[in-house]
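K.L.:
The opening residue of the sequence shown carries number 1 in the UniProt record's numbering; numbering runs sequentially from there.
For every residue, glycine included, the Cβ atom is placed at its ideal position computed from N, Cα and C.
Keep in mind the model is a prediction, meaning the values are calculated, not measured.
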Amino acid sequence: MIAGTMRTTVAPLWRRGSTANRALHAAAASSRAAALSAASARAFASLVSSEWIQECESFGKKLLVVDCEQPAAFHRAHIPKAKLFGLASSGLKDPTPNETGVLGESYFLQVLDLLQVEEDSTLVFYDDDFGLVLNGGWKQWVADAHPVETGDGQALSATAPLWNHLEETSALVGLDVVKQGLADGSAQFVDARTPAEYTGQNPNGNARAGHVPGAVNFDWVNAVDRAQNGRFKSKSELDAVFTDAFKLDKDKPVITYCQRGIRAAHTAFVLSEVLEHPDVKIYENSMLEYLNRADTKVA
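#1: When we look at the beta-carbon of residue 180 and count the other beta-carbons within 10 Å, is it buried (16 or more) or exposed?
#2: Using beta-carbon positions only, say whether residue 209 and residue 200 come within less than 8 Å of one another.
#3: Based on DSSP bridge pairs, tell me the residues matched to residue 217.
#4: According to the neighbour-count rule (16 or more other Cβ atoms, all chains shown, within 10 Å of its Cβ), is residue 187 buried or exposed?
#5: Specify, as a first and last residue, the run of the alpha helix (DSSP H) that residue 79 falls within.
#6: Pull the bridge partners of residue 255 from the DSSP assignment, please.
#7: Excluding the 5 residues preceding and the 5 following residue 41 in the sequence, name in chain order all residues of the same chain whose CB lies nearer than 6 Å to its CB.
#8: For the alpha helix (DSSP H) holding residue 113, just list the boundary residues, first then last.
#9: Find out if the Cβ-Cβ distance for the pair residue 274, residue 232 is shorter than 8 Å.
#10: My guess is that residue 260 and residue 288 are in contact by the Cβ rule of under 8 Å, so how many angstroms apart are they, rounded?
#11: Let's see if you can read the secondary structure: which residues bound the beta strand (DSSP E) around residue 47?
#12: Name the one or two DSSP bridge partners that residue 125 has.
#13: Could you check whether residue 270 and residue 207 sit closer than 8 Å to each other, using their CB atoms as the reference points?
#14: Among the residues of its own chain, which have a CB less than 7 Å from the CB of residue 84, if the five just before and after it don't count?
#15: Along the alpha helix (DSSP H) that carries residue 180, what are the first and last residues, could you check?
#16: Taking the Cβ atom as the reference point for each residue, do residue 117 and residue 190 lie within a distance shorter than 8 Å?
#17: Helix, strand or coil for residue 224 per DSSP?
#18: From this set, 216, 77 and 226, which residue's C-alpha is nearest residue 256's C-alpha?
#19: Does residue 56 come out as helix, strand or coil in the three-state DSSP assignment?
#20: Please classify residue 171 as buried or exposed, where buried requires at least 16 other C-beta atoms within 10 Å of its C-beta.
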């Protein structure tokens, strides 16, 4: 589930894929500003707990909880007053190429308009897989015995000006930046794929197999604890991997990648939001581009 972690400042950081993946990246674009006001009450600026949501609602804070699950699951049960992201975006034209690419600002703003997101609202995203926005997501919400709703949800109707802009950042990089980082050693690389993809045992349909030379391998799913409803592992647990084992240097940029950039975004979130690494980028086209070119170095 996406429990308490909206990525808050990256404007076009959501990409094609499942609705949950889109919302995950959408969160990156819209929630930083929204989350800062309550950051002192949370362990991480972009991760919130189910209790935090309840407390905010009790004090009248404007929240819009966005469910990123499939419509059938949403209708069975969802967080009270939550809006279905997929329902809002289903009627819009997706301008993103089928292979890779990021949804543009105009597209996402159309989604926010359909969801009637007011400009001073805080967005909280969740689905049923991993704790990416609401830490622990739907499973954690139910485990904490909070109320749920069924059916289509409440009608969308805003009473204040709607959100009409997104905060732009440069979280995405292309092949030129990757090549430069390799050539002069100015970047560190984290491969968020499975070990089999990393070693080349599973080429995943690419022309070549393997990884970016010097990259460390961290399978993105290992950032969460499945026994704890998909909540993120503690900072100390993750630090033991990235700092102690991988020796990542916080004074040096990190570039994450996977096959299409989706898993890489999750790992980038862990590095930037949980471990507070100051300079984390995502290689947008990832191995779908890199391993299908003849001019790239592969280990």
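P.N.:
Taking the geometry as given:
#1: Exposed, since its Cβ has fewer than 16 Cβ neighbours within 10 Å.
#2: Yes.
#3: Paired residue(s): 191.
#4: With at least 16 other beta carbons inside 10 angstroms of its own, residue 187 counts as buried.
#5: Where residue 79 is concerned, there is no enclosing alpha helix (DSSP H), because DSSP gives it neither an H nor an E.
#6: In the DSSP assignment, residue 255 forms a beta bridge with 189 and 281.
#7: Summary for residue 41: the model assigns pLDDT 37, below 50, so the residue's position carries little reliability, and this model does not support an answer.
#8: Counting along the chain, the alpha helix (DSSP H) containing residue 113 begins and ends at 105–114.
#9: In this structure, residue 274 sits near residue 232, with a CB-CB distance shorter than 8 Å.
#10: Indeed they touch by this definition, with Cβ atoms about 5 Å apart.
#11: Residue 47 -> no beta strand (DSSP E), and no H or E assigned at all.
#12: According to DSSP, residue 125 bridges with 66.
#13: Their beta carbons are not under 8 Å apart, which means residue 207 does not touch residue 270 by this criterion.
#14: Answer for residue 84: 67, 71, 74 and 153, listed in chain order.
#15: First-last of the alpha helix (DSSP H) with residue 180: 175–184.
#16: No, they are not a contact pair.
#17: DSSP places residue 224 within a strand segment (E or B) once states are collapsed to three.
#18: For the residues 216, 77 and 226, the minimum Cα distance to residue 256 belongs to 216.
#19: Helix, per DSSP.
#20: Buried is the label assigned to residue 171, since at least 16 other Cβ atoms lie within 10 Å of its Cβ.
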